[in-house]
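Since the structure comes first, as structure tokens, the remarks are kept for the end.
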Amino acid sequence: MQKYFGARISELLPRINTNIFIPSIQRPYVWEPEQIVKLFDSLMRGYPINTFMFWELTPEHFGDWDIYRFVNDFKHGDIHNDPAVLQPEQPATLVLDGQQRLTSLLIGLKGSYTVRNGVRGKGSGWINKILLLNLLDSPDDDEEDADGVKVRELYYSFKFVASDRLPKNDSKAVWFPVSKIIQITDKGQLAAAVDRLLLLNPDLDENRQANLQKNLHRLWQVVHEEQTMAYYLEREQSYDKVLDIFIRANDGGTKLSKSDLLMSMITLRWDQFNARSETEAITYAMRDKLEQESAFDRDYLLRSGLFFNDLDFAFQLRNFTPRNIAIIENTWQKIKSALLMATDLFAQFGIKGGALTGVNAVMLIACYLYKINSGRPESEWVVPEGDEGRIRRWITSVLFHGVLGGAANMTMEFYRRCLNEHLKLHAYFPVAELSTRMTTRGRDMTYDDTAVARYAALEMKHRVAPVCLNLLYDREDWSTKNWQLVQVIPSFRLLEDRLRLQGVLPEEIAVYQSWSARLANQIILTDDEARDYYSMDLEDWVATRTADFWRKHHLPDDPALYEEFNFLGFVQARKRLIGQRLNLVLKDSGPPQPAEAAPETEAELLVAEA
């Protein structure tokens, strides 16, 4: 029976989302606009775009699979596809290889691609773009190298342009929306389209007119005339064969991660949950709360499942045995609860957006919450009393010291072993024990003079600086907005003219000014306290502060240090007080610690991992 077929784009395109769909084992769409442009350029040049692989699923097996629609209006970073509605009287064709290319064709010929407007961060705007072709640009106009080869990578001038700001046509460019070629179904309509374009652009010279006609004809041929879509059709209904075909076909595909192959295996083996929709939902929830654009993907979630269950969490196929997949499925609700509870904590601490410099930190805390709540139904899960403060201080210190930098897996494995040992005897987060043992293993978490100096000198524009400043305070909820960041000595008092009048040496003025926006000159005030601060002269404000206020904010209580000419003295005094505070933040306020286990060597850990 024939298994290889050819088809025109105009034949296959109407079938997409009618009887051609995506199986749940497929990964989300990941192509960038530049890749779509290259795909269309290859088609125009007559280059092959590889064989597609389809699977014909018979109606009696529809209930065995989760099947999704292709997306034609794509938003960058989106991982969602709508479920498909199948026709029970006819088979459905599922794409095993070629989903990225088919989606790209759909976007270019019928849809759009929405991207950020260039301003990063939550709440930034989006721009909806469509694919255009400059009909006047011709590859024949380009220079050739010594071997007669064209020198530019892309022959044809395809371009994604904002749909509400289409460029104007002129003597150098006539921009044609690629989607319009679908509506031109025969050569008579093609000739009429050419005539209309020439009528609308009367100032084109003969060469430009010829280019316009040639490029539009070529685009029409690619879509309506040539059988550019070669595909293999598999009709067997065997799960194992389909998965094997999928893995073999996609093994060299663009940006195909191990998680895509593993998700295929998990999707086929899970009975209690829809793996795709489950991972999609938690991914969006974590990204939204912690203001991340692309973190917390499937790789992360699957590694979390292994990590929480004391399994080897290296992202290798060998770790996703049927037994391990079953363990993840049976504990999935608890895995979700732990990750979402940890996400809520990080959001509460204000550790989100750019301040979250290492997303593995969330996994570490989620692992603790998973283990400390073991044996309880998810509705009764809690963060033990006092743990919010311990966790906040420890995680902030981890991020400040860069503990999860190189060799993160080794550090995480060591963390898990320390955690397991501690939880055999205690029911609170072991901030002191973890900090000590991490330092012993070379992940220094101490606040010595060098670390304190680096902490005090943090510029407040640094992404972790506001979170690090929080270490000076015992408050745990930083997600509300009833507090303000305030410079103790305002920058206007450190202007050059004022400092000169105060007798500051010219060579020291730049040093004074550089410290005004550093952490040592910052405090956090409530809205009421901030209004009080801004309503008074600095001298009056200093004179009316209480001893409790100085202690709470770790500020020197000598009024003389708040004079401009004494600013560097203020900084030194504040650094000493900050150092005293930082040397306490990793001291555990929980029950007495057990005798500390001897730290493992690297060799011992490698043996244990083997």
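Heads up: the sequence shown runs through residues 1 to 610, numbered per full-length UniProt numbering. For each residue, glycine too, the CB sits at the ideal point set by N, CA and C.
Which partner residues of residue i appear in the DSSP bridge assignment?
i	result
Pro177	Leu132
Val115	Ile127
Pro83	Tyr68
Trp483	Thr526
Phe54	Val95 and Leu233
Tyr4	Tyr232
Phe158	Leu133
Arg518	Glu459
Pro202	BP columns for Pro202 are empty, so no partner.
Pro377	In DSSP, Pro377 forms no bridge with anything.
Pro23	Ile67
Determine, using beta carbons only, whether residue i and residue j come nearer to each other than 8 Å.
i	j	result
Thr396	Val467	yes
residue 621	Leu494	Within the shown structure, residues of the chain are numbered from 1 to 610, placing residue 621 beyond reach of any answer.
Phe570	Pro559	no
His201	Asn169	Reading off the sequence, residue 201 comes out as Asn, not His. For Asn201 and Asn169, yes; Cβs fall inside 8 Å.
Val95	Phe54	yes
Ile182	Leu105	no
residue 659	Gly305	This structure cannot speak to residue 659, because the chain is shown only from 1 to 610.
Met363	Val403	no
Arg475	Phe429	no
Trp516	Ser491	Note that residue 516 is Ser in the sequence shown, not Trp. For Ser516 and Ser491, yes; Cβs fall inside 8 Å.
Asn330	Leu311	no
Ala230	Tyr4	yes
His553	Ile578	no
Val359	Asp588	no
Leu399	Thr357	yes
Glu564	Arg518	no
Ile127	Ala162	yes
Met286	Leu204	no
Asn274	Asp66	yes
Tyr562	Ile489	yes
Glu388	Ser337	no
Trp220	Ile184	yes
Val37	Phe158	yes
Asp41	Tyr155	yes
Here's the rule I'm using: 16 or more other beta-carbon atoms within 10 Å means buried, otherwise exposed. How should residue i be labelled?
i	result
Leu345	buried
Val511	exposed
Leu584	exposed
Leu166	exposed
His61	exposed
Gln99	buried
Pro33	buried
Thr279	buried
Leu109	buried
Lys129	buried
Ser374	exposed
Glu343	One point to set straight first is that residue 343 is Thr, not Glu, in the sequence displayed. Buried.
Arg551	exposed
Ser171	exposed
Lys255	A caution first: Lys255 carries a pLDDT of 43, below 50, which makes its placement in the model too unreliable to give a value.
Tyr455	buried
Tyr47	exposed
Glu413	buried
What is the residue span of the beta strand (DSSP E) that residue i lies within?
i	result
Lys75	Asp73 to Lys75
Ile523	Gln522 to Thr526
Glu293	Taken as a continuous stretch (DSSP letters only), Glu293 belongs to no beta strand (DSSP E), as it is neither H nor E.
Met229	Met229 to Glu234
Along the chain, where does the alpha helix (DSSP H) containing residue i start, and where does it finish?
i	result
Ile16	Per DSSP, Ile16 belongs to no alpha helix (DSSP H) and is neither H nor E.
Lys461	Segment: none, Lys461 is in no alpha helix (DSSP H) and carries neither H nor E.
Arg303	Arg298 to Phe308
Phe400	Asp387 to His401
Tyr368	Asn360 to Ile372
Glu496	Glu496 to Leu501
Ile335	Trp332 to Phe349
His422	Ala408 to Leu423
Phe313	No alpha helix (DSSP H) contains Phe313, which DSSP labels as neither H nor E.
Would you check whether the ligand HEM has a heavy atom nearer than 7 Å to the C-beta of residue i?
i	result
Leu96	Annotation note on the ligand HEM: not contained in the displayed structure, which lists no ligands.
Would you say residue i reaches chain D, if we count a Cβ-Cβ gap shorter than 8 Å as a contact?
i	result
Leu200	The structure shown contains no chain D; it holds only a single protein chain.
* Touch test, the segment 348 to 357 against the segment 462 to 476, Cβ-Cβ under 8 Å, three pairs minimum -> The answer is yes - the segment 462 to 476 touches the segment 348 to 357, with three or more Cβ pairs under 8 Å.
* For the segment 225 to 237 against the segment 293 to 310, are there 3 or more C-beta pairs whose distance is under 8 Å? -> Short answer: they don't touch.
* Can you find at least 3 beta carbon pairs, one from the segment 84 to 102 and one from the segment 265 to 278, that sit closer than 8 Å? -> The segment 84 to 102 makes no contact with the segment 265 to 278: fewer than 3 CB pairs, one atom from each, lie closer than 8 Å.
* Would you call the segment 477 to 484 and the segment 520 to 539 touching, i.e. three or more CB-CB distances under 8 Å? -> Taking a cut-off of 8 Å on C-beta distances, the segment 477 to 484 touches the segment 520 to 539, as three or more cross pairs fall below it.
* Taking contact to mean at least 3 C-beta pairs separated by less than 8 Å, is the segment 98 to 113 in contact with the segment 66 to 76? -> Between the segment 98 to 113 and the segment 66 to 76, the count of C-beta pairs closer than 8 Å reaches three or more; the two stretches touch.
* To do: Taking 8 Å as the threshold, find out whether the segment 211 to 224 comes into contact with the segment 122 to 139 through three or more Cβ pairs.
  => Note that the segment 211 to 224 touches the segment 122 to 139; at least 3 beta-carbon pairs, one per stretch, sit closer than 8 Å.
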